[in-house]
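Remarks on the structure that follows.
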Amino acid sequence: MQGFTQKIVQLIKSERLFESQGGPIILCQIENEYDQSSKALGAPGSLYMTWAAKMVVELGAGVPWVMCKEDDSPDLVAHVFSLKEGGYNPAFLVNNN
1 MQGFTQKIVQ LIKSERLFES QGGPIILCQI ENEYDQSSKA LGAPGSLYMT
51 WAAKMVVELG AGVPWVMCKE DDSPDLVAHV FSLKEGGYNP AFLVNNN
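Mapped onto the UniProt record's numbering, the consecutive letters of the sequence shown carry residue numbers 1 to 97.
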């Protein structure tokens with residue numbers, strides 16, 4: 001996953017598409033609804049989420065990163081969830097607050 005993510009971020013950077021470069025991309029997402037898998041895996045699942053968060057932040061995209069529906073997302077990324085089931089009305093919780 002690291003190689004793929006690095007390649008995509010570099011491609012977006014090279015096209016100057018991140019908001020920090022004047023482009024339209026205002027945030028990025030790493031992982032989607034990994035929460036249940038993480039809990040089932042225990043410590044290795046938590047370590048993976050922390051690794052993934054650190055890895056993407058170190059890529060220097062210049063925009064925030066989020067994890068969707070992660071109750072215990074690492075402090076490096078924001079936690080995002082939908083206010084109503086099946087809805088497209090996002091709410092943001094940063095560092096679980």
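Beta carbons: idealized from backbone N, C-alpha and C, even for Gly.
Could you give the first and the last residue of the continuous beta strand (DSSP E) run that contains Ile30?
According to the DSSP assignment, Ile30 belongs to the beta strand (DSSP E) that extends over Cys28 to Asn32.
Based on DSSP bridge pairs, tell me the residues matched to Phe18.
Ile25
Relative to the C-alpha of Cys28, which candidate in Ile12, Thr50, Tyr48 and Met49 has its C-alpha closest?
Ile12
Minimum C-alpha distance to Pro64 - residue among Val9, Ile26 and Ser14
Ile26
DSSP state of Ala40 mapped onto helix, strand, coil:
helix
Just the C-alpha distance for Gln10 and Trp51, rounded to the nearest angstrom, thanks.
19 Å
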